[in-house]
Structure formats: C-alpha cells, structure tokens
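Colleague: Chains as they are written, first to last, in my numbering: chain A, 60 to 363; chain B, 26 to 287.
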Amino acid sequence: MSKIMTMCDAVARFVPRGSSVVMGAALESLIPFAAGHEIIRRQVRDLTLIGPISDTLFDQLIGAGCVRKVIAAWVGNVSAGLGHNYRRACEQGIPHRLEVSDHSNFTVSLALLAGGLGAPYIPTYSLLGTDIPGTNPGFRQSISPFGGEKILLVPSLQPDVAILHVQRSDENGNAHAWGSLGISEEAALASQRIIIVAEEIVPHQIIVSDPNRVLAPSFKVCAVVHEPGGAHPSPVQGYYNRDHEYYHEYHRTTRTVEGNAEWMGQWVADVKDRAGYLQKLGEERRQGLQLKEHRYAAPVDYGY
Amino acid sequence: MPRLWIMDTEMDYTPQEIMVAAAAREIRDGEIVFTGMRLPLIAFALAKQMHAPNAVGLFECGLVRDTPAPEPLYTMADPPNIAGALWATRMINMMGLLQRGAVDLGFIGGAELDRFGNLNTSYLGNPESPKTKLPGSGGAADIAGLSRRFVVIMAHEKRRLVERVDYITSPGFGDGQGWRERVGLRQGGPSAIITTLCVLGFASSTGEAVLRSYHPGQSVASVRAETGWDLRVAEDVHETESPTAEELTIIRRYDPQGFWTR
Chain A
60 MSKIMTMCDA
70 VARFVPRGSS
80 VVMGAALESL
90 IPFAAGHEII
100 RRQVRDLTLI
110 GPISDTLFDQ
120 LIGAGCVRKV
130 IAAWVGNVSA
140 GLGHNYRRAC
150 EQGIPHRLEV
160 SDHSNFTVSL
170 ALLAGGLGAP
180 YIPTYSLLGT
190 DIPGTNPGFR
200 QSISPFGGEK
210 ILLVPSLQPD
220 VAILHVQRSD
230 ENGNAHAWGS
240 LGISEEAALA
250 SQRIIIVAEE
260 IVPHQIIVSD
270 PNRVLAPSFK
280 VCAVVHEPGG
290 AHPSPVQGYY
300 NRDHEYYHEY
310 HRTTRTVEGN
320 AEWMGQWVAD
330 VKDRAGYLQK
340 LGEERRQGLQ
350 LKEHRYAAPV
360 DYGY
Chain B
26 MPRLWIMDTE
36 MDYTPQEIMV
46 AAAAREIRDG
56 EIVFTGMRLP
66 LIAFALAKQM
76 HAPNAVGLFE
86 CGLVRDTPAP
96 EPLYTMADPP
106 NIAGALWATR
116 MINMMGLLQR
126 GAVDLGFIGG
136 AELDRFGNLN
146 TSYLGNPESP
156 KTKLPGSGGA
166 ADIAGLSRRF
176 VVIMAHEKRR
186 LVERVDYITS
196 PGFGDGQGWR
206 ERVGLRQGGP
216 SAIITTLCVL
226 GFASSTGEAV
236 LRSYHPGQSV
246 ASVRAETGWD
256 LRVAEDVHET
266 ESPTAEELTI
276 IRRYDPQGFW
286 TR
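Right, dumping it as structure tokens:
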C-alpha cells in the first residue's frame with residue numbers, strides 16, 4: 060500500500076495542534092527543514108519539539124509561534140552560535156513564553172531509547188553534579204540498587220511523531236539512511252508514528268536488497284513524502300553538501316523581530332512548497348552544493 | 026570566537042591559531058579523543074599529522090575516524106567527515122563508549138567558566154527569567170562528566186571567566202577537590218582551559234585553575250587583569266609555545282578561508 064503523499068497532506072494529517080514531534084534527530088545532517096516550513100505555513104500551534112540539537116530548525120519554529128515546549132539538548136545555530144528566536148522567547152516572551160526541559164545529547168538519546176524499548180527510564184552517570192536536573196524536573200537522582208552508587212534516572216519519551224529525512228525510501232516507507240545517524244533510530248522506535256521524507260522514491264526491491272541499511276520498520280510509517288532538497292541547508296550524504304552561508308544569512312537576518320518576519324516571509328510564507336523554495340534558492344546556489352565526486356560503497360552479498 | 030587581536034611577532038598568527046596548536050598538544054598519541062566542534066576539529070587534524078598519528082577521533086553525531094577528514098569541516102556531520110570514516114553509527118554508541126570509560130580526552134567550548142573549571146552554556150542570570158538564554162549542553166555535559174579528562178576552548182574575557190558560574194552545564198571540579206566523587210562522577214575533570222590569552226591548568230590538591238602559560242604578547246598581569254577571580258599562577262609559568270611554521274601550514278590547510286581561525 061502506498062503511503063506517498065504531499066508534505067502539505069502529511070503535516071495536515073499527522074502533525075495536529077499540540078503534537079509532540081521529534082526532528083533533527085541526525086544532528087547536523089538530514090534535518091527535515093521542508094517539513095518544519097510546512098508546519099509554519101499551516102500555523103500549527105502548541106507543539107512540543109524534541110531533539111538533540113536541531114540546528115536552526117527549532118529556532119525557526121519557535122520564532123513562528125508554533126512551539127509551546129522544547130525538550131532538547133541544544134537550540135541555536137551550529138554555524139553562528141546563538142538562536143535569536145530561542146533567545147527572544149526565553150528572555151522576553153516573544154512571540155510567547157516557552158517551556159524548556161533541558162537535556163544533554165546523551166540523556167535525550169536515553170529518553171528516546173527507553174521510549175523505544177517500552178522501558179520507564181534508563182539510568183546514567185551523566186549530568187551528576189550539573190544544574191540540568193534542576194531545569195528538567197523529569198529527572199530523578201537515585202542510588203543504584205546493585206552497586207549503591209549515585210545515578211540519574213532519565214524518564215522515557217514517546218513522542219507522537221518522528222519526522223525523519225532519509226536518502227531513499229520505497230512508497231511504503233521502507234527507508235534507507237546512511238552516514239552518521241545521531242538518534243534517528245531511537246526517535247523512530249520511540250514515536251507513535253513516523254513521517255519519512257525522502258530524497259528519492261525507489262522500488263521496493265532496492266530497499267530489500269540491503270536490509271541492514273533500513274532505518275526502522277515500515278509498519279510504523281504513516282506517510283512518505285518525496286521531497287528532493289528537503290533537508291537544505293543541512294547536508295544529505297551522497298546527495299548534496301551543507302549550505303554554510305545560508306545559516307549565517309539566517310543569523311544576520313533574524314537578529315531583530317522585524318528581520319525574522321522578513322526572513323519568514325521570504326523563505327517560508329511566500330513560497331508555496333519546497334519546489335518553490337528551491338526555485339527561489341536558484342540553480343547556481345544549488346550547483347554549488349552538489350557532490351564533487353561519488354564514493355560508492357562496495358556491494359555486499361546477501362546470498363545463501 | 027571573536028577576533029581579539031593579531032599578535033605582533035616575527036610570525037603573524039591569530040589567537041585562534043595558537044589555541045588550535047595548544048589544543049593539538051593536549052592530544053597524546055594513541056588516545057581516543059571526543060572531538061568537539063570548531064577549533065578542536067582542526068586541532069585533531071593537526072595532532073594527527075604532527076605528534077599523534079595513532080589518535081582516534083569520536084564525533085557525537087555517530088562517527089569514528091582515524092584520519093583527518095579529507096576536506097575542511099564546518100560541522101562534525103559534514104559529508105567529508107563521513108567519507109572514509111571507520112564507523113558511521115548512532116550517537117548512543119559514541120555516548121556509550123564515553124560512559125563505559127573508553128574516552129581519554131574530550132574537547133568542549135564554554136561561554137562562562139569559573140575558578141574550578143565549571144562551565145555554563147545554558148543560562149546567564151536566573152533560569153526562570155534568564156538575562157541571556159544560551160543554546161544549552163549539546164554533548165558538553167556528557168563529555169565533561171564522563172571523559173577521563175577534558176579541555177575547554179574559549180574566548181578570554183573578564184565577564185566570561187567568573188568566580189562562580191550562574192549554572193553548571195558541564196561539571197569541572199565543582200567547589201574543589203573531592204567534589205566530583207561526592208556528586209557521583211567517577212573520574213575525569215578539566216585538565217586545561219585554552220583561551221585567547223593563555224592556558225590554564227588545575228592544581229590537583231585543590232581543583233582550582235592555575236595559570237600555566239600566557240600567549241606571546243600577554244603577561245601574568247594582563248591575564249590576571251582579564252580574569253574575574255584572583256587567579257593563581259603556577260610556579261613554572263611560562264610563555265605559550267608559538268605554533269611552528271609547519272603547524273600553521275596545516276591549520277591553514279584545514280581552514281583555508283580562516284572561517285574559524287581568522
């Protein structure tokens with residue numbers, strides 16, 4: 060059964076107001092910016108965003124007023140540092156106040172790992188001695204029943220939906236992803252459902268020819284969106300490189316509320332969809348991000 | 026990192042370049058290094074080519090490398106860092122290696138640092154209504170808590186090097202020697218703070234930062250004047266070794282546009 064649909068339909072059906080959403084699970088690569096921009100265009104409100112670092116995607120959603128709560132290790136701009144919208148929301152309540160549950164990269168991975176395992180929590184030694192448990196009331200300090208040492212209990216997270224950008228998928232959501240994956244697998248397994256955003260839709264046979272490269276079981280996938288260029292400005296291994304300058308432009312433009320409105324209009328509100336965004340980006344700029352060379356992996360033999 | 030000054034010496038280099046060279050010297054051959062972002066990415070590449078050819082780099086996005094990336098990197102997940110990696114995997118495997126005790130050295134950055142090497146990258150002021158909301162931990166709290174030792178790279182300004190941080194994102198020695206053990210951390214702590222002006226080490230008896238070396242053009246007095254507490258000075262304090270011409274060549278090869286080091 061094909062689960063192919065447009066980004067517009069996928070967001071309308073599976074990211075309703077008040078959803079908890081994991082995005083940016085792969086860290087600096089494979090960030091589903093196209094999905095985030097559709098959420099902004101549809102003015103979906105009261106979202107809880109969950110992720111390790113999201114680069115500028117969370118900052119954009121916060122600045123657009125879509126977010127009620129952030130559960131993350133880091134929110135900013137990897138190229139330029141601080142995220143102006145995140146700062147404005149936390150410091151001045153612009154566009155409105157934000158609830159923040161602080162994590163580290165490790166603890167947000169553990170929370171989603173626990174969610175995917177159906178376990179209530181996972182213990183760690185990380186964050187002992189820090190003030191992070193003080194700004195995330197979900198954590199519990201405890202004592203190991205085995206060794207008697209201090210531990211931190213990280214409660215599980217089971218988000219409503221994980222939005223994951225991948226290199227290729229079949230139309231049923233059997234998806235191949237490669238490169239560094241961050242917490243993509245944990246996010247997929249912890250969430251109730253998965254939206255796959257793929258650079259390419261390929262025949263089922265291509266996917267099952269290499270089952271080790273599959274990200275998650277397709278029975279959890281509710282929608283497959285074919286969105287080439289959908290991760291720009293973040294990179295997709297084997298498809299395009301990172302647009303560093305775009306992050307700096309964002310940083311400069313969004314320094315003020317007015318600048319942010321201008322940026323949002325230009326890159327989100329005034330473009331209809333990702334195809335329109337890429338057209339606006341222009342052929343020359345896209346050429347500059349193309350691969351300089353291919354580096355194919357050696358085939359593996361699944362014979363028996 | 027801000028561009029504070031260019032040093033007026035026989036060989037021109039920036040504070041960031043001497044920081045990279047100093048950071049590379051913290052990496053010993055054969056070590057497993059949790060490589061952070063920005064300057065440490067270049068320091069790892071430099072150390073690999075100079076004195077630590079057998080060092081292995083871990084990147085929290087889920088990468089292990091034993092060779093520098095073939096091209097300059099802006100982020101650890103840039104495609105050149107994945108090409109030719111020893112392992113491309115999940116972040117939790119990197120963090121598992123860290124918690125399991127496999128990581129000798131980790132690099133982190135800091136916005137605010139105190140005399141016991143605690144770092145704040147979360148909130149300036151009261152977290153309930155912060156004066157400044159900083160981006161947060163990322164992996165820094167994990168690296169500071171779980172690596173065998175860690176090194177901080179940061180800009181040296183009086184408002185950043187403070188008596189006591191507002192919020193501990195990444196734990197140093199807390200309020201002094203014995204604190205880490207008391208809160209349940211099993212090992213580690215900061216071994217060096219590399220700033221735009223100097224290198225700080227830590228006194229093992231107190232867990233307090235001491236001035237180990239000042240960069241050329243600086244002095245004990247100038248560093249102390251830019252530090253927000255009464256900074257102690259090591260008995261053998263000296264000038265930081267300048268980067269050699271060979272080191273500068275390598276640094277500039279990895280940052281040809283000077284994006285991080287100019």
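Using N, Cα and C, we set each Cβ at its ideal position, and we do this for glycine too.
1. Ordered along the chain, which non-local residues of its own chain (more than five positions away) have a Cβ less than 8 angstroms from that of Val225 of chain A?
2. How far does the beta strand (DSSP E) with Arg189 of chain B in it reach, from first residue to last?
3. Taking the CB atoms as reference points, tell me whether Leu88 of chain B and Ala68 of chain B lie closer together than 8 angstroms.
4. What do you get for Arg311 of chain A, buried or exposed, if any count of 16 or more other CB atoms within 10 angstroms of its CB means buried?
5. Would you say Tyr336 of chain A lies against chain B (beta-carbon separation less than 8 angstroms)?
6. State yes or no: is the C-beta of Leu222 of chain B within less than 8 angstroms of the C-beta of Ala259 of chain B?
7. Closer than 7 angstroms by beta-carbon distance: list the chain B residues that pair up with Glu87 of chain A, in chain order.
8. Can you tell me where the alpha helix (DSSP H) with Met179 of chain B in it begins and where it stops?
9. May I ask you to list, following chain order, the residues of the region 216 to 245 of chain A that have a beta carbon less than 8 angstroms from some beta carbon of chain B?
10. Which residues in chain B have a C-beta closer than 7 angstroms to the C-beta of Leu172 of chain A? List them in chain order.
11. CB-CB under 6 angstroms to Val167 of chain A, same chain, minus the five flanking residues each way: which ones, in chain order?
12. Let's see if you can read the secondary structure: which residues bound the alpha helix (DSSP H) around Gly121 of chain B?
13. Measuring straight from C-alpha to C-alpha, what distance separates Leu64 of chain B and Ile178 of chain B?
14. Output yes if chain A places a C-beta closer than 8 angstroms to the C-beta of Pro152 of chain B; else output no.
15. So is Asn300 of chain A in contact with chain B if we call contact Cβ pairs under 8 angstroms?
16. What does the Cβ neighbour count give for Phe278 of chain A, buried or exposed, with the cut at 16 atoms within 10 Å?
17. When you compare the CB positions of Leu223 of chain A and Tyr299 of chain A, do they come within less than 8 angstroms of one another, or not?
18. Are the C-beta of Thr157 of chain B and some C-beta of chain A separated by less than 8 angstroms?
19. Could you tell me whether the Cβ of Thr34 of chain B comes closer than 8 angstroms to any Cβ of chain A?
20. State the DSSP-derived secondary structure class of Asp282 of chain B, mapped to helix, strand or coil.
21. Just checking: is the beta-carbon of Ser172 of chain B within a distance shorter than 8 angstroms of some beta-carbon in chain A?
22. Taking C-beta to C-beta, are Ser201 of chain A and Ala102 of chain B nearer than 8 angstroms?
23. Using a Cβ-Cβ distance under 8 angstroms, would Arg28 of chain B count as near chain A?
24. Just checking my contact of Glu230 of chain A with Ala93 of chain A at CB under 8 angstroms: how many whole Å lie between their CB atoms?
25. List the DSSP bridge partners of Thr220 of chain B.
26. In terms of residue numbering, what span does the alpha helix (DSSP H) encompassing His291 of chain A cover?
27. Using three-state DSSP, classify Gly140 of chain A as helix, strand or coil.
28. Taking only runs of the alpha helix (DSSP H) that begin and end inside the region 33 to 59 of chain B, which ones reach a length of at least 4 residues, in chain order?
29. Would a C-beta distance cut-off of 8 angstroms place Val284 of chain A and Met66 of chain A closer than the cut-off?
30. Do you know how far the Cα of Lys331 of chain A is from the Cα of Arg53 of chain B?
31. Identify, in the order they occur along the chain, each residue of the same chain with its Cβ nearer than 7 angstroms to the Cβ of Ala139 of chain A, setting aside the five sequence neighbours on each side.
32. Alpha carbon to alpha carbon, how far is Ser172 of chain B from Val193 of chain B? Give it in angstroms, no decimals.
33. Assuming His162 of chain A and Ile130 of chain A are in contact, meaning their beta carbons sit under 8 angstroms apart, how far apart are those beta carbons, in whole angstroms?
34. Quick check on the burial criterion: 16 or more other C-beta atoms within 10 angstroms. Buried or exposed for Glu264 of chain B?
35. On the CB-based measure, 16 or more other CB atoms within 10 Å of its CB, does Gln102 of chain A come out buried or exposed?
36. Taking 8 angstroms as the CB-CB limit, is Asn192 of chain B close to chain A?
Modeller: The short version:
1. Counted from its first residue, the first sequence places residue 225 of chain A at position 166. Correct list, in chain order: Leu89, Ala234, His235, Ala236, Ile255, Val256, Ala257, Glu258, Leu274.
2. The residue labelled residue 189 of chain B in the question sits at position 164 within the second sequence. Premise fails: Arg189 of chain B is in no beta strand (DSSP E) and is neither H nor E.
3. Numbered from 1 along the second sequence, position 63 holds the residue referred to as residue 88 of chain B. Numbered from 1 along the second sequence, position 43 holds the residue referred to as residue 68 of chain B. No, the pair does not count as a contact, with Cβ atoms beyond the cut-off.
4. By one-based count along the first sequence, residue 311 of chain A stands at place 252. Exposed, by the Cβ-count rule.
5. For the purposes of this step, residue 336 of chain A is identified with residue 277 of the first sequence, where counting begins at 1. Taking Cβ atoms only, chain B never reaches closer than 8 angstroms to Tyr336 of chain A, which makes this a no.
6. Numbered from 1 along the second sequence, position 197 holds the residue referred to as residue 222 of chain B. Numbered from 1 along the second sequence, position 234 holds the residue referred to as residue 259 of chain B. Contact flag unset, no.
7. Locating residue 87 of chain A in the first sequence gives position 28, where the first residue counts as 1. Within chain B, the residues near Glu87 of chain A are Cys86, Thr100, Met101, Ala102.
8. Counting from one through the second sequence, the residue named residue 179 of chain B turns up at place 154. Annotation: Met179 of chain B is outside any alpha helix (DSSP H); the continuous beta strand (DSSP E) that includes it extends over 174 to 179.
9. Trp237, Gly238, Ser239, Leu240, Gly241, Ile242, Ser243, Glu244, Glu245
10. Numbered from its first residue, the first sequence carries residue 172 of chain A at position 113. Simply Ile117.
11. Within the first sequence, numbered from 1, the residue matching residue 167 of chain A stands at position 108. Setting aside the 5 residues that flank it on each side, Val167 of chain A is surrounded in the same chain by Pro111, Ala132, each with a C-beta closer than 6 angstroms to its C-beta; the list follows chain order.
12. Taking the second sequence and counting its residues from 1, one reaches residue 121 of chain B at position 96. Run containing Gly121 of chain B: 116 to 124, per the alpha helix (DSSP H) assignment.
13. Indexing the second sequence from 1 puts residue 64 of chain B at position 39. Indexing the second sequence from 1 puts residue 178 of chain B at position 153. Cα-Cα distance, rounded: 8 angstroms.
14. Walking along the second sequence from the start, residue 152 of chain B turns up at place 127. With 8 angstroms as the cut-off, Pro152 of chain B counts as an interface residue toward chain A.
15. If you number the first sequence from 1, residue 300 of chain A lands on position 241. Interface residue, yes.
16. Locating residue 278 of chain A in the first sequence gives position 219, counting from the first residue. With fewer than 16 other beta carbons inside 10 angstroms of its own, Phe278 of chain A counts as exposed.
17. Numbered from its first residue, the first sequence carries residue 223 of chain A at position 164. Numbered from its first residue, the first sequence carries residue 299 of chain A at position 240. No, the pair does not count as a contact, with Cβ atoms beyond the cut-off.
18. Residue 157 of chain B sits at position 132 when you count from the first residue of the second sequence. Yes, because at least one Cβ of chain A sits closer than 8 angstroms to the Cβ of Thr157 of chain B.
19. On the second sequence, position 9 is the one that residue 34 of chain B refers to. The predicted position of Thr34 of chain B is uncertain, since its pLDDT is 49 and thus under 50; no value can be drawn from it.
20. In the second sequence, the residue the question calls residue 282 of chain B occupies position 257. The sequence as given places Gln at residue 282 of chain B; Asp does not occur at that position. Coil, per DSSP.
21. Taking the second sequence and counting its residues from 1, the one referred to as residue 172 of chain B is at position 147. Closer than 8 angstroms: no.
22. Translated into the one-based positions of the first sequence, residue 201 of chain A becomes position 142. Translated into the one-based positions of the second sequence, residue 102 of chain B becomes position 77. No, Cβ-Cβ distance for Ser201 of chain A and Ala102 of chain B is not below 8 angstroms.
23. Taking the second sequence and counting its residues from 1, one reaches residue 28 of chain B at position 3. Unreliable placement is indicated for Arg28 of chain B, whose pLDDT of 41 sits below 50; no coordinate value is reported for it.
24. Position 171 of the first sequence holds residue 230 of chain A. Position 34 of the first sequence holds residue 93 of chain A. With a Cβ gap of about 18 angstroms, Glu230 of chain A and Ala93 of chain A do not count as contacting.
25. Counted from its first residue, the second sequence places residue 220 of chain B at position 195. Thr220 of chain B is bridged to B:Met179.
26. In the first sequence, the residue the question calls residue 291 of chain A occupies position 232. Element bounds for His291 of chain A: n/a, residue is neither H nor E.
27. Taking the first sequence and counting its residues from 1, one reaches residue 140 of chain A at position 81. Strand, per DSSP.
28. Whole alpha helix (DSSP H) segments, 4+ residues: 40 to 50.
29. As a working note, residue 284 of chain A is residue 225 in the first sequence. As a working note, residue 66 of chain A is residue 7 in the first sequence. Against a cut-off of 8 angstroms, the Cβ pair of Met66 of chain A and Val284 of chain A comes out as a contact.
30. Within the second sequence, the letter at position 28 stands for residue 53 of chain B. Within the first sequence, the letter at position 272 stands for residue 331 of chain A. Whole-angstrom Cα-Cα distance: 53 angstroms.
31. Taking the first sequence and counting its residues from 1, one reaches residue 139 of chain A at position 80. Answer for Ala139 of chain A: Tyr306, His307, His310, listed in chain order.
32. On the second sequence, residue 193 of chain B is found 168 positions in, with the first residue counted as 1. On the second sequence, residue 172 of chain B is found 147 positions in, with the first residue counted as 1. The sequence shown places Ile at residue 193 of chain B, not Val. Those two C-alpha atoms are separated by around 17 angstroms.
33. In the first sequence, the residue the question calls residue 162 of chain A occupies position 103. In the first sequence, the residue the question calls residue 130 of chain A occupies position 71. His162 of chain A to Ile130 of chain A, Cβ: 6 angstroms. Contact.
34. As a working mapping, residue 264 of chain B is identified with position 239 in the second sequence. Looking at its Cβ environment, which holds fewer than 16 other Cβ atoms inside 10 Å, Glu264 of chain B is exposed.
35. The count along the first sequence starts at 1 and reaches residue 102 of chain A at position 43. Result: exposed.
36. Here residue 192 of chain B is taken as the residue at index 167 of the second sequence, counted from 1. Checking the sequence, you will find Tyr at residue 192 of chain B rather than Asn. Yes, because at least one Cβ of chain A sits closer than 8 angstroms to the Cβ of Tyr192 of chain B.
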